[in-house]
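Have a look at the structure below, then the notes.
Residue numbers (our numbering): -16 to 212.
Structure below.
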């Protein structure tokens, strides 16, 4: 067996978790409901983003709850699958294999699966790699990791949105708070912290356009009325 084959066997759980979480992430609620139920792709309206905010601004209505359900459920499934796979992960091979601390293994796989779920949401291969910004699914992942992390991210998000009515500003705060909350409440392990930084940086990068509009004073504020075209 070559080195590549040995590496794949040693890390098979990571590979399965990454592939499964990515394709779960590709199930974008805003695209699925707008294209196949409303027959009007959300990405052709407003900001062009396939996320909850643009869907709500464009279509409004009770189908928004369907978007929330899909994007939350896929994140829960992806992270849960990661936890399940972590139970059989044994670094090393043959007689050199070792059983890692199950708590650490579960945390590591949660972050790993969460990252690939967000990658699928943001870059869905079946929808032309044009998806959402990952905030709703990322928020669900927070709850799967630690309630204190979720409280920090979601609490800050809600306060900022209620005060400023800028969803993007709340989302940027939650993304920046994610690695901080990981360090404070979840783990100091370097690999876990790096994964948390990658997750936070990914969602902040997806808001780079919003950051520019915020700085120019051109960002749209949240409205609870359907946007008229």
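Glycine included, every Cβ here is placed at the ideal spot set by N, Cα and C.
DSSP places residue 28 in no alpha helix (DSSP H); its state is neither H nor E. Nearest in C-alpha terms to residue 192, of all of 183, 182 and 203, is 203. Ranked by how close their Cα comes to the Cα of residue 70, the residues 93, 49, 55 and 50 have 93 in first place.
Judged by beta-carbon spacing, residue 116 lies beyond the 7 Å limit of residue 26, meaning their Cβ atoms are not closer than that value. Exposed is the label assigned to residue 109, since fewer than 16 other Cβ atoms lie within 10 Å of its Cβ. Within 10 angstroms of the beta-carbon of residue -2 lie fewer than 16 other beta-carbons, which makes it exposed. Between the C-alpha atoms of residue 131 and residue 163 there is a straight-line separation of about 11 Å. Rounded to the nearest angstrom, the Cβ distance from residue 140 to residue 151 is 11 Å, too far for a contact under 8 Å. By the Cβ rule, the stretch 7 to 15 does not count as touching the stretch 171 to 188, because fewer than three pairs are nearer than 8 Å. When the Cα atoms are used, residue 126 and residue 63 turn out to be separated by approximately 12 Å. Judged by beta-carbon spacing, residue 89 lies beyond the 7 Å limit of residue 59, meaning their Cβ atoms are not closer than that value. Classified as exposed, residue 188 has fewer than 16 neighbouring CB atoms from the shown chains inside 10 Å of its CB.
Less than 7 Å separates the beta-carbon of residue 169 from that of residue 128. Excluding the 5 residues flanking it on each side, residue 4 has same chain C-beta neighbours closer than 6 Å at 61, 96, 99 and 100, in chain order. The DSSP-derived three-state label of residue 56 is helix. Judged by DSSP in its simplified three-state form, residue 205 adopts coil rather than helix or strand. In the three-state reduction of the DSSP assignment, residue -4 falls in the helix class, which pools H, G and I.
The Cβ neighbour count for residue 160, taken over all protein chains shown within 10 Å, is at least 16; the residue is labelled buried. Assigned with DSSP and collapsed to three states, residue 48 falls in helix. Cβ atoms of residue 28 and residue 47 stay farther apart than 8 Å, at about 14 Å.
The beta-carbon separation of residue 35 and residue 51, rounded to 7 Å, stays under the 8 Å limit for a contact.
Residue 119 and residue 55 do touch by the CB rule: their CB atoms are close to 7 Å apart, below 8 Å. Taking 8 Å as the upper bound for CB-CB distance, residue 205 and residue 146 are not in contact here, some 11 Å apart. Within its own chain, the residues whose Cβ lies closer than 6 Å to the Cβ of residue 196, once the five positions on either side in sequence are excluded, are 202, listed in chain order.
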